[in-house]
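Only one structure is covered here, and it is reproduced in the block below.
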Amino acid sequence: MLSDKPILMLPKPTTVGRATRNGGRGKTRYPDHNEQVGRILPKLRRLESAFENERGKISESTSGINPEYALVFETVGTIENFVNAVKKIEGLDWLSEIEEYFDSDDNFYPVKKDGEKIEGKQLNGRLFLMMSDQQAMKELKSLWGKYQNGDPFEHGYGKWKSLFSQLKDIRLWDVQDRFYNTGLIDVLNEKIELGQETIKFEIELWFRSNPSKRLEASNSIKQLVQTVQGKVIYESTIEEISYHALLVETPISIFDDLQNDSNVKLIKADSIMYFRPVGQTIVEFPSSSEEENEIDMDIKPNDVDSSLSPVIALFDGLPLQNHQLLKNRLIIDDPDNFEEAYQANERVHGTTMASLIIHGELDSQDTPLKRPIYVRPIMKPNPYAYEVRSEHIPEDILPVDLIHRAVKRLFEGDGDEEPVAPNIKVINISIGDLSRPFDLQMSPWAKLLDSLSLKYNVLFIVSAGNHAGSIRLDIDRDEFQKVKDEPFVEQQLIKYISDSIVERRILSPSESINSLCIGASHTDSSTVSVLGRRVDLIKHPEIMSPYSRVGLGYRNSIKPDVLFSGGKQLYLENVMGDNGFALLEIAKSTLAPGHKVAVPGSNGKLNEVAYTRGTSNATALATRAAAKIFDMLENLLSGIENGSDIMNEYGSLMLKALLVHGASWNQAYNLYSEVLRTPGDSTFKDKQVPRYLGYGFVNEDKVLNGSEQKVTLIGFSKIKKEEGHIYEVPLPPSLSSNKIKRRLTITLTWFTPLNNNNQKYRQAHLWFNSENDILQVTRHEADGRAVQRGTVQHEIFEGDTAAVFIEGNTLSIKVNCREDAGGLKQIEIPYTIAVTLEVAEGIDIAIYSEVRDRLRALVRTRQ
Numbered sequence: 003m004l005s006d007k008p009i010l011m012l013p014k015p016t017t018v019g020r021a022t023r024n025g026g027r028g029k030t031r032y033p034d035h036n037e038q039v040g041r042i043l044p045k046l047r048r049l050e051s052a053f054e055n056e057r058g059k060i061s062e063s064t065s066g067i068n069p070e071y072a073l074v075f076e077t078v079g080t081i082e083n084f085v086n087a088v089k090k091i092e093g094l095d096w097l098s099e100i101e102e103y104f105d106s107d108d109n110f111y112p113v114k115k116d117g118e119k120i121e122g123k124q125l126n127g128r129l130f131l132m133m134s135d136q137q138a139m140k141e142l143k144s145l146w147g148k149y150q151n152g153d154p155f156e157h158g159y160g161k162w163k164s165l166f167s168q169l170k171d172i173r174l175w176d177v178q179d180r181f182y183n184t185g186l187i188d189v190l191n192e193k194i195e196l197g198q199e200t201i202k203f204e205i206e207l208w209f210r211s212n213p214s215k216r217l218e219a220s221n222s223i224k225q226l227v228q229t230v231q232g233k234v235i236y237e238s239t240i241e242e243i244s245y246h247a248l249l250v251e252t253p254i255s256i257f258d259d260l261q262n263d264s265n266v267k268l269i270k271a272d273s274i275m276y277f278r279p280v281g282q283t284i285v286e287f288p289s290s291s292e293e294e295n296e297i298d299m300d301i302k303p304n305d306v307d308s309s310l311s312p313v314i315a316l317f318d319g320l321p322l323q324n325h326q327l328l329k330n331r332l333i334i335d336d337p338d339n340f341e342e343a344y345q346a347n348e349r350v351h352g353t354t355m356a357s358l359i360i361h362g363e364l365d366s367q368d369t370p371l372k373r374p375i376y377v378r379p380i381m382k383p384n385p386y387a388y389e390v391r392s393e394h395i396p397e398d399i400l401p402v403d404l405i406h407r408a409v410k411r412l413f414e415g416d417g418d419e420e421p422v423a424p425n426i427k428v429i430n431i432s433i434g435d436l437s438r439p440f441d442l443q444m445s446p447w448a449k450l451l452d453s454l455s456l457k458y459n460v461l462f463i464v465s466a467g468n469h470a471g472s473i474r475l476d477i478d479r480d481e482f483q484k485v486k487d488e489p490f491v492e493q494q495l496i497k498y499i500s501d502s503i504v505e506r507r508i509l510s511p512s513e514s515i516n517s518l519c520i521g522a523s524h525t526d527s528s529t530v531s532v533l534g535r536r537v538d539l540i541k542h543p544e545i546m547s548p549y550s551r552v553g554l555g556y557r558n559s560i561k562p563d564v565l566f567s568g569g570k571q572l573y574l575e576n577v578m579g580d581n582g583f584a585l586l587e588i589a590k591s592t593l594a595p596g597h598k599v600a601v602p603g604s605n606g607k608l609n610e611v612a613y614t615r616g617t618s619n620a621t622a623l624a625t626r627a628a629a630k631i632f633d634m635l636e637n638l639l640s641g642i643e644n645g646s647d648i649m650n651e652y653g654s655l656m657l658k659a660l661l662v663h664g665a666s667w668n669q670a671y672n673l674y675s676e677v678l679r680t681p682g683d684s685t686f687k688d689k690q691v692p693r694y695l696g697y698g699f700v701n702e703d704k705v706l707n708g709s710e711q712k713v714t715l716i717g718f719s720k721i722k723k724e725e726g727h728i729y730e731v732p733l734p735p736s737l738s739s740n741k742i743k744r745r746l747t748i749t750l751t752w753f754t755p756l757n758n759n760n761q762k763y764r765q766a767h768l769w770f771n772s773e774n775d776i777l778q779v780t781r782h783e784a785d786g787r788a789v790q791r792g793t794v795q796h797e798i799f800e801g802d803t804a805a806v807f808i809e810g811n812t813l814s815i816k817v818n819c820r821e822d823a824g825g826l827k828q829i830e831i832p833y834t835i836a837v838t839l840e841v842a843e844g845i846d847i848a849i850y851s852e853v854r855d856r857l858r859a860l861v862r863t864r865q
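Structural data, given as structure tokens:
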């Protein structure tokens, strides 16, 4: 149904210069010149000695090859455009720049304006990684000599002086680095316990910009793999994201010694960046021990229009396509023949995700989507799951390569084949890599989604990931049953999650900055008559679900972006407790509460349903909301000249903007503030609340349905660096001089180009400024710094002071663009901006009609 108060289109903006930004950085105390020379000189000597020792160990099989070594320069602070200085040294090849944090010490520490040391604060730093040969090492020694003697540096080499001044350490990339935070050691231990003698794993190589260097590194590793009686299963190179990896199988015994002096040359190979596990993208089957239920709603299989092209893609497990809720609604594309690995009762996750996208929660009795959805199976049943059955991306596949091939097939086709679904606007990925919680560094998978978003103009909607661990409350075990319904239990839960955020970080690839990362709220439409032993720890109507993983994202950007309903999760008390304290474990059940969805019955029935919950569910519901918004926009633009072209070019960005546009913290902020905020905490709205709530809980009704008390406008354009675009929003005269509460919501979204050679990564930084004084409104929720770190700026402004303006006045909103990571040149960046002005329902002010009428007049005057 079309709203009789549809979204309005903003007039074309006026182009001006961009606004300047206010910002200041804290100061850091660095060692003086003599101190730094004394610190670094011994490190350089040890490094030179290591070079000579390693050079002497080169085997005869590699004779004639100039050996190279991965160097790590650890700096406190960054050095802009350092890559250009590296290129001037022959034999030195830039590899990567990684963000890092260091504890302050007597040499480097933060200081106040008066020079006083600030205690207990970490310093932001960088790891500059380069591949160096012996000749390059001589050049580095020469440059160090200039720094040591205070001699001037030649033009183009000045960045090296900055590097030496800020250098904390210089060393070789070693064995410990190659396994740091990869999760492979944990997987090794698990497989050893199971008695497995071989293991499949990923070798992520340093990406070399020179193809011949890449080939040389690849051949060298393949030889070393053969040396340990292993084999290379697959190789993938994706230049757009600087990714080069090998899928390898070897005896598990090669990892017995992970010291730097290991005798296994593969473990010590300098061309290797990381050893990573595979097959870690896993989703468990829900328990089916309870009584199974059949569909209790009227299903009309003919209410889908198969003539319409799909705009939603689901990358997941294989659904049960003949289930009564899914029949004729799916376009399954299985070029890798994953279907042959599935029994009907194993098609769980894909079935539940497809059900949620098409129907929403069955308890809500929503209208199913008219369009079919495209499904690409990327998971199979997990053969290693013995106690709890699950689906996973198989061990013999590199997930990054699989997703790359799947998306390319949509828009370009395979080989001589035509594109299979070129009209796709949204791709749902409701899975994540359990071995890779986000930790400062962007994963290749996230980089891939960022690159593909831009290349194919498609929006990825990705789940934040679930954390299924137990919860320990600071409540006496013997007292819990007496107090379990008290409000302070909920507060203890929030505190526990806050204290364990390191193990609850969002999973790769949800840190992708061009994508939307979806967390789960503790809500659903189910009704529960009997809880039994199950306990609902949450009484507040809006709160993050206990299983939903937490952010922040890359460079402290807001992640998750928004929260959708994930289904209420109940818990069971562990009667043993934890050292006398209450211990709660997830109640794994297919009974309510949760989302009622289609499931494959254990007896092969095609009409069964059950209750599930998770961030996967929330992501599927976000994707469903995107499909509904798409239909609304398509109807809106059908009556506009070039409407189909606008939809093709800006549709994905409009969906991204409008999905976030309905988000708000609502009353949850007060609860989190009460429990977690400490006196004088200036970062609470900047870095604390967003990691749990993102931009907040999405109210779809705000976007899909208008009223006289609310008007939403949408604009779009392309902007270059150093430009500004000014939009004018007509103001409703009836609001002038009225002392009533009013809310202004503005959401700006774009897909940024990427610079893989720069730690900032995001090439295009867009942001808006609005002249809020004319409406007498001020920022209400997320901090002004937090909202400018990603590719979504979503702000809510409120006020109730009488604002005086005259007929014809407009609210000016300025969109600005600056280069962030370098290399943007004069690329035009498409973006979308959404604006909503509203007052409370029931107030007799015709905001919508007044803005609409004045907007028409404004457009006529510009024609």
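Position one of the sequence shown corresponds to residue 3 (the numbering used here), numbered consecutively onward.
No residue lacks a Cβ here, since even glycine has one placed at the ideal position from N, Cα and C.
Asked	Found
For A629 and F566, believed in contact at Cβ under 8 Å, the rounded distance	Their Cβ separation, rounded to whole angstroms, is 13 Å, which puts F566 and A629 out of contact at 8 Å.
Continuous alpha helix (DSSP H) stretch holding A138: start and end	136-151
Nearest-angstrom Cα separation, counted from L190 out to I254	7 Å
Same chain, Cβ closer than 7 Å to A470, five either side skipped, listed in chain order	Y549, I588
Close-in-space but distant-in-sequence residues of the same chain around R858 (CB under 8 Å, 5 per side omitted)	none
Neighbour-count burial assignment, K170, 16 or more Cβ in a 10 Å radius	buried
When E296, F203, D176 are compared against S273, the one with the closest alpha-carbon	D176
Bounding residues of the alpha helix (DSSP H) (the contiguous stretch that carries Y182)	Unbroken run through Y182: none, as it is neither H nor E.
Residue from Q225, L572, F287 whose Cα sits closest to the Cα of K267	Q225
Rounded Cβ spacing between A784 and I560 (contact assumed at less than 8 Å)	7 Å
Start-end ranges of the alpha helix (DSSP H) lying completely within the stretch 366-399, minimum 4 residues	none
8 Å CB neighbourhood of I172 in its chain, flanking five on each side removed	I42, K45, L46, L49, L73, V74, F75, E76
Environment of H35 [buried if 16+ CB atoms lie within 10 Å]	exposed
Residue of K486, G708, E37 minimising C-alpha distance to A842	G708
Spatial neighbours of T64 in its chain, beta-carbon cut-off 8 Å, leaving aside the 5 residues before and after	Any reading at T64 is ruled out, since the residue's pLDDT is 44, under 50, leaving its predicted position unreliable.
Residue ranges of each beta strand (DSSP E) within the stretch 729-810, 3 or longer	744-752, 766-772, 794-801
Segment contact flag, the stretch 123-134 with the stretch 87-101, C-beta cutoff 8 Å, min 3 pairs	yes
As assigned by DSSP and simplified to three states, the class of E92	coil
In chain order, each beta strand (DSSP E) run of at least 3 residues that lies wholly inside the stretch 609-635	610-614
Euclidean distance between Cα positions of I240 and H246	7 Å
Selection from L316, F799, L436 that minimises the alpha carbon distance to I333	L316
S514, buried or exposed, once every other Cβ within 10 Å from all chains shown has been counted against 16	buried
The alpha helix (DSSP H) enclosing T353, as first and last residue numbers	351-361
Residue range of the unbroken beta strand (DSSP E) whose run includes E2	Past the edges of the chain, shown from 3 to 865, lies residue 2, and the structure says nothing about it.
Assigned exposure category for V806 - 16 Cβ within 10 Å defines buried	exposed
Proximal residues to G127 (C-beta, below 7 Å), its chain only, five neighbours per side dropped	E76, T77, V78, G79, E102, Y103, F104, K170
DSSP three-state assignment for F317, whether helix, strand or coil	strand
Per-residue burial, S455 [other beta carbons within 10 Å of its own, 16 or more giving buried]	buried
Contact between the stretch 200-207 and the stretch 273-286 (3+ Cβ pairs under 8 Å)	yes
Neighbour-count burial assignment, E438, 16 or more Cβ in a 10 Å radius	One detail in the question is off: residue 438 reads as Arg in this sequence, not Glu. With 16 or more other Cβ atoms within 10 Å, it is buried.
Sub-7 Å separation of M275 and W208 beta-carbons	yes
Buried versus exposed, by CB contacts within 10 Å (16 or more), F490	exposed
Rounded straight-line distance, which links the Cα of L327 to that of V402	31 Å
Collapsed DSSP secondary structure at G825 in the structure displayed	coil
The stretch 348-358 / the stretch 381-401 touching (three or more Cβ pairs under 8 Å)	yes
Whole-angstrom distance between T803 and H782, CA atom to CA atom	14 Å
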